[in-house]
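Worksheet for the structure shown next.
2 protein chains.
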Amino acid sequence: MLMKTLPIHLEPAAHPQAEACASCTVRHLALFGALGDAGLERIHTLIASPRVDAEQRVYGRGDTTGVVYTVRSGIVRFERVTEGGQRRIVRLAGQGDLIGQEALLRQAYRDDAVASTPVTLCRIPVPVIDALSAQQMALIRELMRRWQQALDDAENWSSELCTGPARRRVLKLLQLLQGHADERGLIWLPRRDQMGDMLDMTVETASRIVSSLRRDGVLEALPPQHGRLDGARLHAELMHIDR
Amino acid sequence: MLMKTLPIHLEPAAHPQAEACASCTVRHLALFGALGDAGLERIHTLIASPRVDAEQRVYGRGDTTGVVYTVRSGIVRFERVTEGGQRRIVRLAGQGDLIGQEALLRQAYRDDAVASTPVTLCRIPVPVIDALSAQQMALIRELMRRWQQALDDAENWSSELCTGPARRRVLKLLQLLQGHADERGLIWLPRRDQMGDMLDMTVETASRIVSSLRRDGVLEALPPQHGRLDGARLHAELMHIDR
DNA sequence: CGAGCCGTTGAGGGGATTCAAGCTCAGTGG
DNA sequence: CCACTGAGCTTGAATCCCCTCAACGGCTCG
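Chains as they are written, first to last, in the working numbering: chain A, 124 to 366; chain B, 124 to 366.
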């Protein structure tokens, strides 16, 4: 059932990375934001910036590649297979999020990480972080902060996206996706079966609700897999359901 | 809606803690297991071992007491209130688990932590950990390991306990509780409304399913709030549902 | 003993699933 | 150019699971 994964990210690697790091647009968001220029100088040759197409795997459950990633742009989803054999999406990661932290502990990845949109990453070999963290307390703080962020996201997911009537769960998902909207205000609108895997409902139910939200002017669908939300109406709908 | 919390844990504190730490029965499980005797020696006077009754709060969401805990015995549950105003239980912690890590980052607690059974804790002021971690790399590793453990638990929760038919969710919960069984093989059997808050179902549904499982010989209820499972039948039931 | 909490069970209704059919659209090849 | 195909989306009808509303019994406690 589990497919073998091939590392997607055998980067040409070179000096270009020097400027890439220095001028990284998400550096303030990313893990190494905790480092000064001097710290960055020592390591940028070891960092790659791979690009992953939508629906391609970043890494697979069970892999031990010894690499962590920062998401520079796009959305990554974490998938698991239930013991019952069902695919479940348990969390999303967006710009600035750290993914694959398990590797820091020499542990295998817990989930399949799949690009939901085209994704750009910052690929960081674990030894790099180990070496730095021996001296840089700030980096360790930053690591812990991100771990806690992931934990908080996961708990929010199960309390907001796994409970209540189907319409509410869809609205909550859209609200979350709005937080990852691009500069034009467009969101990634998952396929209906993916929504089903996230919200524990059938394709048909997801489709019915999305259609209903379009009729109500909450959501505008812009195929393929994009959409635009009316924030006010979305909020009003949620208020209405929560009474 | 949020209640003010009073610190439960103003310990008499004294030398007795010296032996308490050295002879701690869960020391190999606990955070400071990463420390040698020497390390322990320096800090045991700062550690308290409070006891919390069932249904008492360990800490509340929003508190900033600057303390983390290790669970020495018993079960702690993490509660949140949905934006819709519903109480949700998002995770459980048992023996050896670290709770309240947010405090290490000077952040407020994210959830209400409530004792589900009588609980004994190890109460550790954050400055103690800060001071140690500046030198002890092993402690930091251990911290990270626990953070990852919590994350994994949270994701498992939403993929296994939030999805599928009601009967399956209850069985999954019982399976999880079996992992926290005491030495006599007894498990904590939540009240029906608590099961509802964990599994997103009504009291009535929870009650009906528990009753049904008792009739089927999967579960033996031993009031108050205790039970015994027939592991084989539980497993068989799950197999049957997952087909 | 009455009050209140907790658990249980029943009847009825509603929301989600199941099963089924038809739709749009992109890609393919005649 | 257009039939053909398959993937994704939508909609309808029947069914079923779970929720809602309601009543009742056991138990503890004032």
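Built from N, CA and C at the ideal position, the CB exists for glycine as well.
Whole-angstrom Cβ separation of residue i and residue j, contact assumed at under 8 Å?
{"i": "T240(A)", "j": "A177(A)", "result": "5 Å"}
{"i": "L266(A)", "j": "L322(A)", "result": "The Cβ separation is near 31 Å, so there is no contact."}
{"i": "I263(A)", "j": "I263(B)", "result": "6 Å"}
{"i": "L296(A)", "j": "G162(A)", "result": "At roughly 38 Å, the Cβ-Cβ gap does not stay under 8 Å, so L296(A) and G162(A) are not in contact."}
Using only the alpha-carbon positions, how far apart do residue i and residue j sit?
{"i": "A231(A)", "j": "R338(A)", "result": "45 Å"}
{"i": "V251(A)", "j": "A153(B)", "result": "28 Å"}
{"i": "F201(A)", "j": "A238(A)", "result": "9 Å"}
{"i": "A287(B)", "j": "I332(B)", "result": "First, the residue type needs correcting, since residue 287(B) is Gly and not Ala in the sequence shown. Roughly 14 Å between the two C-alpha positions."}
{"i": "L336(A)", "j": "H303(A)", "result": "20 Å"}
{"i": "F155(B)", "j": "W270(B)", "result": "15 Å"}
{"i": "S282(B)", "j": "I170(B)", "result": "36 Å"}
{"i": "Q179(B)", "j": "V242(B)", "result": "9 Å"}
{"i": "M260(B)", "j": "A157(B)", "result": "9 Å"}
{"i": "A289(A)", "j": "D353(B)", "result": "34 Å"}
{"i": "A329(B)", "j": "M318(B)", "result": "7 Å"}
{"i": "H349(A)", "j": "I310(A)", "result": "6 Å"}
{"i": "D235(B)", "j": "A216(B)", "result": "13 Å"}
{"i": "M126(A)", "j": "E164(A)", "result": "The predicted position of M126(A) is uncertain, since its pLDDT is 38 and thus under 50; a value taken from the coordinates is nonetheless stated next. Roughly 38 Å between the two C-alpha positions."}
{"i": "L300(B)", "j": "D160(A)", "result": "49 Å"}
{"i": "E327(A)", "j": "Q298(A)", "result": "21 Å"}
{"i": "T205(B)", "j": "R291(A)", "result": "12 Å"}
{"i": "L228(B)", "j": "R268(A)", "result": "7 Å"}
{"i": "A355(B)", "j": "R203(A)", "result": "25 Å"}
{"i": "L133(B)", "j": "P173(A)", "result": "Residue placement at L133(B) is poorly supported in this model, since its pLDDT is 40, which falls under 50; the coordinates still yield a value, given next. Their backbone Cα atoms lie some 52 Å apart in a straight line."}
{"i": "R150(B)", "j": "Q218(B)", "result": "11 Å"}
{"i": "E225(B)", "j": "R233(B)", "result": "8 Å"}
{"i": "G181(A)", "j": "G189(B)", "result": "Before going on, a small fix: residue 181(A) reads as Val here, not Gly. Cα to Cα, the separation comes out at about 37 Å."}
{"i": "I166(A)", "j": "A145(A)", "result": "11 Å"}
{"i": "V175(B)", "j": "G197(B)", "result": "9 Å"}
{"i": "E306(B)", "j": "V199(B)", "result": "18 Å"}
{"i": "D253(A)", "j": "I222(A)", "result": "16 Å"}
{"i": "T168(B)", "j": "A257(A)", "result": "28 Å"}
{"i": "S334(A)", "j": "S334(B)", "result": "40 Å"}
Please list, in chain order, all residues of the same chain as residue i whose beta carbon is under 8 Å from its beta carbon, the five residues on each side excluded.
{"i": "P347(B)", "result": "none"}
{"i": "C147(B)", "result": "A153, R195, C245"}
{"i": "L294(A)", "result": "L336, V341, L357, E360, L361, I364"}
{"i": "P135(A)", "result": "Confidence at P135(A) is low in this model, with a pLDDT of 43, below 50, so the placement of that residue should be treated as unreliable; the coordinate-derived value is given next. If we look at P135(A) and ignore the five residues flanking it on each side, it has no Cβ neighbours."}
{"i": "R351(A)", "result": "G308, L309, I310, L342, E343, L345"}
Within the same chain, show all residues whose beta-carbon is closer than 6 Å to that of residue i, passing over the 5 residues directly before and after it, in chain order.
{"i": "H363(B)", "result": "none"}
{"i": "D220(B)", "result": "V194"}
{"i": "T187(B)", "result": "A231"}
{"i": "R366(B)", "result": "none"}
{"i": "M324(A)", "result": "A289"}
Please return the same chain residues whose Cβ sits closer than 7 Å to the Cβ of residue i, not counting the five positions on each side in sequence.
{"i": "D320(A)", "result": "R210, R211, I212"}
{"i": "R393(B)", "result": "Residue 393(B) is absent from the structure shown; chain B starts at 124 and stops at 366."}
{"i": "G208(B)", "result": "none"}
{"i": "T128(B)", "result": "Low per-residue confidence applies at T128(B): pLDDT is 40, beneath 50, and the placement is therefore not dependable enough to give any value."}
Contact between the stretch 269-284 of chain A and the stretch 307-315 of chain A (3+ Cβ pairs under 8 Å): No: the two stretches stay apart, fewer than three of their Cβ pairs being nearer than 8 Å.
Contact set between the stretch 344-356 of chain B and chain A, restricted to residues whose Cβ is under 7 Å from the partner: Listed by position along the chain: nothing, the set is empty.
The stretch 186-204 of chain A in contact with the stretch 245-264 of chain A per 3-pair CB rule at 8 Å: With a cut-off of 8 Å, the stretch 245-264 of chain A and the stretch 186-204 of chain A count as touching, because enough Cβ pairs lie within range.
Under 9 Å (Cβ pairs) to chain B, residues found in the stretch 220-240 of chain A: Look at the stretch 220-240 of chain A: the residues with a C-beta under 9 Å from a C-beta of chain B are Q224, E225, L227, L228, Q230, R233, D234.
The stretch 274-286 of chain A: positions lying closer than 7 Å to chain B by Cβ: Taking 7 Å as the Cβ-Cβ cut-off against chain B, the residues of the stretch 274-286 of chain A that qualify are L274, D275, A277, E278, W280, S281, S282, E283, C285, T286.
Near-chain B residues of the stretch 252-266 of chain A - C-beta to any C-beta below 9 Å: From the stretch 252-266 of chain A, only S256, A257, M260, I263, R264, L266 have a Cβ closer than 9 Å to chain B.
Proximal residues, the stretch 188-211 of chain B versus chain A, C-beta separation under 8 Å: Taking 8 Å as the Cβ-Cβ cut-off against chain A, the residues of the stretch 188-211 of chain B that qualify are F201, R203, T205, E206, G207, G208, Q209, R211.
Where the stretch 145-166 of chain B meets chain A: residues whose CB sits under 8 Å from a CB there: For the stretch 145-166 of chain B, no residue has a beta-carbon sitting nearer than 8 Å to a beta-carbon of chain A.
Against chain A: residues of the stretch 309-343 of chain B by CB proximity under 7 Å: Cβ contacts with chain A: D323.
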